[in-house]
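Okay, so here's the structure we're looking at.
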Amino acid sequence: MTEPVRVRIAPSPTGFMHIANIKSAMYDWLLARHTGGSFILRIEDTDLTRKVEGAIDVIYESLKWMGLDWDEGPDIGGPYGPYVQSERLSLYHEAADRLIAQGDAYYCYCSSERLEQVRKEQMANKQPPGYDRHCRNLTPEQRAEYKAQGIKPVIRMKIPLEGHVTFSDLIYGDVTFDYSTITDFVMLKSDGYPTYHLANVVDDTAMKITHIIRGDEWISSVPMHLAIYKALGYTPPLYVHHPMLLGPNRAKLSKRHGDVAVLQYREKGYLPEALFNFLALIGWSLDDKTEIMTRQELIDNFSLERISKTGALFNWEKLEWMNGLYIRNLSLDDFMERSIPYLENGLPETVERPLDKDYLKRMLELVQERAKTLAEVPELVKFFYIEESGYEPDLLIGKKMTKEDAVKVLEVSLERLTTLEPFDIDSMENLLRPLAEELGLKAGQLFGTLRVATTGRTAAPPLFQTMEVLGKEVCLDRMETALKKLKS
Ligand code: GLU
């Protein structure tokens, strides 16, 4: 029997959660849920210079919004806690002490000025950058001397001076690094905090992580991590590096391309289930045709083997298309509940709050087909609430119509609609189609004038439905306004 899967997402609290990070978390989560394993949240906050207030909450919020529940984490604990690295410093110190004692690591007293000087010389001589190993072979006397000066050292890992290291990645296959390209990196800083490398290895081991699933920008860290695993006598987890998300110009997806923070997608009115589906199928596939998969279908069918090796293009148009599809598939009630926060925010202040749900539902039914994001909904329904009379009067005059035609349409329609009872779709249909003929116009021409008059727009939901929801009084009022605009 194989051991149960234990996977982790290990974000740093930088103030937002990158969409690429969520993609890693999704693969973790899908693997854990597919196999009945555990998905762990660990906060990697050892870089004090990058720490941002409230950032952990953003991580919680991002994961929760995407429906990625964790089985162990800072807030809920678990058998291998604490799950925040700044609360685990003693573990890193122990490991570093051991590496020092074994002769696998060493204290380095070099000042930042000296390191800068070394860097400059390397650049001038066109040598690869890296620590020149000045402190690697200090004598005990030299070390005592530095110590006496009160210099706080860092601890560096000793990397073999020659040879290479090869590891096997589930997606990339065998990956080899020459030791000559790897520097004696810092693993414990002079402030007593570990670097990412040491903390990551210590914790993945202590937390019994079985698979490290992350973006391929981390591949270059692996040889450094392997050096630590080996020296501590630990077995590394399985490596699964997946291709990074690419923007439209095939460069790494960044802010220059558009939104990269997960919660911005919520703000923009994407449904988490649509984003989930979309992201899961960038770089992973069930077959060569399936595009729409529910969360459960993804859990049922997920396998690491089907992650592709080629760069994963982020296509916003496709996301929008998919989001529209998910919106259309919502029940009307669900669509309404999800739209309300956007409406509360996006409708003009003059619209009375709380919004009347019965009325709201009637208009939402008419726009659900057309909404590609929830954030568009306020704009789609705004005209129901307030008269948008700022349009150009010419809009009332359709193709091949004269101004007089339009005036007539409005005058006669006003007269006949005033007495129309009930003011519903069928009655309007029976009244207005023949009216077009009577006035020598095409139905489309007459409807066009009425559409602009009642909604202020040339594009709106079906006319009679819209007029029915607006109600007789509002329609007649707006038609009066239109008539005045035409005549003035
Ligand atoms: N702290 C790293 C990050 O911010 C973790 C990378 C890893 O998964 O090893 O993504």
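The sequence shown: position 389 = 612 (our numbering), numbered continuously. Glycine is no exception: its CB is placed at the ideal position from the N, C-alpha and C atoms. No experiment lies behind these values; they were computed from the predicted model shown.
- Here DSSP, grouped into helix, strand and coil, assigns residue 417 to strand.
- Taking each of 481, 405 and 333 in turn and checking the Cα distance to residue 445, the smallest one comes out for 405.
- Inter-segment contact for the region 388 to 406 and the region 431 to 447 is present: three or more beta-carbon pairs are separated by less than 8 Å.
- Look at the beta carbons and you see the region 478 to 492 not touching the region 516 to 527: under three pairs across the two are nearer than 8 Å.
- For residue 387, the enclosing beta strand (DSSP E) begins and ends at 387 to 392.
- Of 590, 699 and 661, the smallest CA-CA separation from residue 643 is found for 699.
- Assigned with DSSP and collapsed to three states, residue 289 falls in coil, not helix or strand.
- In the structure shown, residue 580 adopts helical secondary structure according to DSSP, grouped into three states.
- Excluding its 5 nearest sequence neighbours in each direction, residue 609 has C-beta neighbours in its own chain below 8 Å: 571, 573 and 574, listed in chain order.
- Relative to the Cα of residue 631, the nearest Cα in the group 598, 615, 668 and 597 belongs to 668.
- Counting the other CB atoms within 10 Å of its CB gives residue 306 a total of 16 or more, which places it among the buried residues.
- Nearest Cα to residue 321 within the set 410, 466 and 447: 410.
- Contact annotation: residue 508 and residue 479 have beta-carbon atoms that are not nearer than 7 Å.
- Remark: fewer than three beta-carbon pairs, one from each stretch, lie closer than 8 Å, so the region 256 to 264 and the region 452 to 463 are not flagged as touching.
- In its chain, beyond the 5 residues on either side, 266, 268, 274, 275, 278, 279 and 282 have a beta carbon closer than 7 Å to the beta carbon of residue 236.
- Beta-bridge partners assigned by DSSP to residue 399: 389.
- Using a cutoff of 6 Å, the CB of residue 437 counts as near the ligand GLU, since one of the ligand's heavy atoms is closer than that.
- Residue environment: residue 649 is assigned as exposed (fewer than 16 neighbouring CB atoms within 10 Å of its CB, all protein chains considered).
- Contact fails between the region 383 to 395 and the region 419 to 431, because fewer than three Cβ pairs, one in each stretch, are under 8 Å apart.
- The DSSP-derived three-state label of residue 412 is coil.
- Under DSSP, residue 295 forms a beta bridge with 263.
- Counting only runs of at least 3 residues, the region 426 to 510 fully encloses the following beta strand (DSSP E) elements, listed from N- to C-terminal order: 434 to 438 and 461 to 465.
- For residue 440, the distance from the CB to the nearest heavy atom of the ligand GLU is not below 6 Å.
- Rounded to the nearest angstrom, the Cβ distance from residue 492 to residue 599 is 6 Å, consistent with a contact under 8 Å.
- The C-alpha of residue 241 is placed about 23 Å away from the C-alpha of residue 514.
- Note on geometry: alpha-carbon atoms of residue 233 and residue 511 lie some 32 Å from one another.
- Its chain contains 425 as the residues whose beta carbon lies nearer than 6 Å to that of residue 314, once the 5 sequence neighbours on both sides are disregarded; these appear in chain order.
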